[in-house]
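Same order as they appear, the protein sequences are chains B and X.
Just so you know, this note's numbering puts the end of the first sequence at 1211, numbered straight through with nothing missing.
Just so you know, this note's numbering puts the end of the second sequence at 1211, numbered straight through with nothing missing.
Protein chains: 2
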Amino acid sequence: MLKSILFLFLFVFGLNLSAQDKKEETAFFIKSIFENTMESGECYSWLQELCTQAGPRLSGSVSYDQAANLMAEKLKQIGCDTVWLQPTYVKKWTRGEKEEAKIIFGDKEKSSVPLRTLALGNSPGTPITGLRAQVIEVKSLDELDSIGNQVKGKIVFFNRPMPAGTLKSFRAYGATVDQRSRGAGVASKYGAIAVVVRSMTQNIDDVPHTGVTVFYPERGEKLIPAFAISTKGANLLSLLLKKESLRLFLKSNCQLDQDSTLAYNVIGEVRGIGKSNKIIAVGGHLDSWDVAQGAHDDGAGCVQSMQVLSTLKMLGYPPRNTIRCVLFSNEENGLAGAKAYKKWSDENGEQHIAAIEADAGGFTPRGFTCEGDTSIFRKYFKLVQAKMDYLEPYDLYLKPGGSGADIGILKSQKGILMGLSVDSQRYFDYHHTERDRFEAVHHRELRYGAAALTSMVYLLDGINWESP
Amino acid sequence: MLKSILFLFLFVFGLNLSAQDKKEETAFFIKSIFENTMESGECYSWLQELCTQAGPRLSGSVSYDQAANLMAEKLKQIGCDTVWLQPTYVKKWTRGEKEEAKIIFGDKEKSSVPLRTLALGNSPGTPITGLRAQVIEVKSLDELDSIGNQVKGKIVFFNRPMPAGTLKSFRAYGATVDQRSRGAGVASKYGAIAVVVRSMTQNIDDVPHTGVTVFYPERGEKLIPAFAISTKGANLLSLLLKKESLRLFLKSNCQLDQDSTLAYNVIGEVRGIGKSNKIIAVGGHLDSWDVAQGAHDDGAGCVQSMQVLSTLKMLGYPPRNTIRCVLFSNEENGLAGAKAYKKWSDENGEQHIAAIEADAGGFTPRGFTCEGDTSIFRKYFKLVQAKMDYLEPYDLYLKPGGSGADIGILKSQKGILMGLSVDSQRYFDYHHTERDRFEAVHHRELRYGAAALTSMVYLLDGINWESP
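Written out as structure tokens, the structure is:
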């Protein structure tokens, strides 16, 4: 409370400060953000509640609703001016009973080797007795195109590894994830009856990584069963295929509802003292895969975004613009939350002068990447870059780059869009697996990221965006 | 092999390249360093061998000798021009039988509460039956000075926490470690019979952290028993002391040999094509505390330094200067290894134009801090800074700052001294505890650090230090 009054005092009377004094005040405020967040940020305990009380929470599930209510409650406790649940409609996908994958030896299935597997999100189930077919290995969609109808009636095995030599793990992911996201759809056009995909990780281990696969029926694609197998399993299968032709047995029980289910975006805001339609948003996605507690992906980004509001409130900061925390639904398998939010925001005549997404795991932050409509990007980038000296003591950079899956579509509102960039070396140990649990997040790394986000929001709020 | 020839070709014929071509060649070589190290760097498996085959290795111990031989063997396999063991003489300290600490309630010791504890390095043992005395809490050496002789015959309890609000963990450590390193010595002058010290970590848990304590008998200090207790234990003791006066029971069986024991520095080098006395050294310390596998502290720094030579050899790089990997003995409790190395180097008329120490844990690197004799520092800093664009894609900074405990004394040779700076948020989960095991190091983070070191050594080797 004392602190709140102190800062309110500083800000109200700060209007007459000299340029040098203002710089010192800004640096001091950022120091306070870091000290307070590192010492007593609540984000870590919120994450624990989210992961253990709501748990895995694919949008449309009961636990997703629990998570939404839990987080809304926290946002109210923080002291937001408004907290609300925004309806979005999602296609609910369920995994059903545990899936199975086996390598079958011989025509009469005399022996088999089980493969650790997870069905891919949005994929359909196999027949109830499973399916058996010859498996053909390819390294890429291009290779699949080159062999085309040879895969008819067969199972396609996509086995291009995420390159270990690529330092930045998200870049390695980006270079290989097409196999998972589009492999099944493309293979179906050539008559394949199922696909298995090497898991998206640079590790060699026995942990399968799920993730969404996307079908375009309007392009003639059929929904066929799709599975991720572990990297060890993929290596084994590939090795065996060098010696002989093999069949796989696959069984899954997934279901994708055709009806839409309600799943809420959770939104809290602190209103600015300036124009009411100018927004600075910070957010993550509240949904997670059904096999994971979603601690890194993306409970971390959610609780860090909530921490932004909490710390600014606690320090008594009166924002110029409306600062809004948005927890999106359905990032993992449809982006319905992002679309609903954008539509609503447009209809209300809002402009997001800035939005930041935190969806790369709760690891030590390295900085921010940013993008924006070409009409404003160079100018806005320079305005933010001019503030980066304040973040130098905290080792945070600003670079052009992507923002996030949920906020990317806000580009038409002509603000600057940012992604919190974090150390990515451990991310694919956890991503879309049962290992993505609360214990995998470090309290100090999570808080460091939250302090970075808060500082950036504070700096963005201090920029005169109309300046020539 | 193909690669070796390729790079040799590039380097031999590279002498006539244009400035732009040279820049591209340098960038390409650094890219190769990162790709090769991340994909197939051996440092991670070397670390596993060091941690599990030699294990805990305080200098003077049998396992230290095993570690020295093991690492020397690896340096030979790498293909160093010379590998040798350099004798250094250390005072061997042993913990002996497991130590004990208890809070005693009442005069007749009707009840007691055990505290998790580790004796501090270089401290003497208690009497064989232990010791019992009243405990007095202080927060600092200054507070101890202010109460002075009141501690006579008593146990001093140092309880100033490592501040959680301080983002950079080493800074928080630096602000509090005087209690551990000097508390016992200073308390002995006021007649205290023992000390207990709150463990050096920002966590609140039940893990005691050992570390060295230093006595100066020449200043009238006596060697008295000294213990670290866990932060939870410290909080409990402090809470109880607010209500009543308490005694502690302390028992330890430590011994510090008066005779010197042989403990080798391990050195390997690849000779340069230029003057033979110009050295670029990279190193860490091979000794670890007796309770720890010393994975982060500092097996990581050792194997990363070895990786530098291995990668440069593998890529066929012919260095201008002699590139040397030095694994120091006795960093933890005496620095005898560093002193012996410096003396030998001076006697041989060498100049370390640059030296880098890696001793902050095997975490993701953030950059390099550097220092040097004032007569050369500004010039040398600028020469290195001019190369930092090459490391920008790998998110590595260069800042003025400390180098390392082992190489700091090389300053008189008037080269630039650097420390590999890494993400420090998790370091004090492990530092000087039984938790500092191989499993605590991530393969990609370790390799990232090794690639950073290799790239810096390569850049340093390319600098014309004589330039005006």
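Each residue gets a CB set at the ideal place from its N, CA and C atoms; glycine is no exception.
Spatial distance of residue i from residue j (CA atoms)
i	j	result
H1185/X	M781/X	12 angstroms
M744/B	M1057/B	For M744/B, the predicted model reports a pLDDT of 44, less than 50, meaning its position is unreliable and no value from the coordinates is stated.
L1196/X	C1113/B	29 angstroms
L1212/B	L1189/B	The requested residue 1212/B does not occur in the structure, where chain B is confined to residues 744 to 1211.
T825/B	D1204/B	19 angstroms
I748/X	Y933/B	Here the model assigns I748/X a pLDDT of 49, short of 50, so the residue's position is not dependable, and the following value carries that caveat. Distance between the alpha carbons of I748/X and Y933/B is about 45 angstroms.
A1035/X	G839/X	15 angstroms
I1152/X	L1005/X	21 angstroms
L1078/B	L793/B	21 angstroms
S988/X	S1031/B	53 angstroms
R1067/X	Q1047/X	13 angstroms
L1202/B	G1037/B	29 angstroms
C1045/X	G1104/B	30 angstroms
S931/X	Q893/X	12 angstroms
L858/B	T769/X	44 angstroms
I972/B	F1124/X	50 angstroms
A1183/B	D1040/B	11 angstroms
R1014/B	E816/B	18 angstroms
Residues near residue i in its chain [Cβ-Cβ closer than 7 angstroms; skip 5 each side]
i	result
F901/B	V881, Q922, G926, V938, V940 and R941
D1166/B	F1106, T1107 and R1109
F1071/X	N1008, G1026, H1028, L1029, G1080, A1081, Y1084 and D1149
Y787/B	H1186, L1189 and R1190
W827/B	I1010
N1073/X	S802, T831, V833, A1006, D1030, A1079 and G1080
R990/X	I847, R875, A876, Q877 and V878
Residues near residue i by beta carbon distance below 6 angstroms, same chain, minus five either side
i	result
S995/X	E842, A862, G868, T869 and P968
K819/X	V826
R1180/X	Q1036 and A1038
A1024/X	R1067, V1069, H1095 and A1098
T909/X	A915
Cβ neighbours of residue i in the same chain (closer than 8 angstroms, five flanking residues each side left out)
i	result
M905/B	S912, A915, Y916, A918, T919, M943, T944, Q945 and F1171
N1091/B	N1020
S924/B	G954, V955, T956 and V957
D1116/X	K1154, S1155 and K1157
Q791/B	F1181
G1192/B	A1043, Q1047, A1101, G1105, F1106, T1107, P1108, L1163 and V1165
Limits of the unbroken alpha helix (DSSP H) element including residue i
i	result
V1127/X	F1120 to Q1128
M1131/X	Where M1131/X is concerned, there is no enclosing alpha helix (DSSP H), given that its DSSP letter is neither H nor E.
L1202/X	H1186 to D1204
Q1094/B	Premise fails: Q1094/B lies in the beta strand (DSSP E), Q1094 to E1100, not in any alpha helix (DSSP H).
I773/B	A762 to S783
E792/B	C786 to E792
Unbroken beta strand (DSSP E) run spanning residue i, endpoints
i	result
I1159/X	I1159 to V1165
Y1007/B	Q998 to V1013
Y1140/X	Y1140 to P1143
F1227/B	Residue 1227/B falls outside the range modelled here, since chain B spans only 744 to 1211, and no answer is possible.
F1171/X	Where F1171/X is concerned, there is no enclosing beta strand (DSSP E), although the alpha helix (DSSP H) it sits in stretches over Y1170 to Y1173.
T1112/X	P1108 to G1115
F992/B	R990 to K994
Closer than 7 angstroms: residue i CB and nearest the ligand HEM heavy atom
i	result
D1033/B	The model depicted lacks the ligand HEM and carries no ligand whatsoever.
Contact with chain D by residue i, beta-carbon distance below 8 angstroms
i	result
G1162/X	Among the protein chains in the structure shown, which are B and X, there is no chain D.
Jot down the residue ranges of each uninterrupted beta strand (DSSP E) in the segment 802-835 of chain X, minimum 3 residues, whole runs only, in chain order.
The qualifying runs do not exist here; there are none.
What residue ranges within the segment 906-974 of chain X form continuous beta strand (DSSP E) runs of no fewer than 3 residues, ordered along the chain?
937-941 and 969-972
Taking one C-beta from the segment 982-996 of chain X and one from the segment 951-958 of chain X each time, how about it: are there three or more such pairs within less than 8 angstroms?
no
Runs of beta strand (DSSP E) lying entirely within the segment 856-913 of chain B, each at least 3 residues, in chain order
860-862, 874-881 and 898-901
Runs of 4 residues minimum, wholly inside the segment 1025-1079 of chain B: which ones carry the alpha helix (DSSP H) assignment?
Within the segment 1025-1079 of chain B, the complete alpha helix (DSSP H) runs of at least 4 residues fall at 1043-1057.
Within the chosen definition, does the segment 1042-1062 of chain B reach the segment 1119-1139 of chain B through at least 3 CB pairs nearer than 8 angstroms?
no
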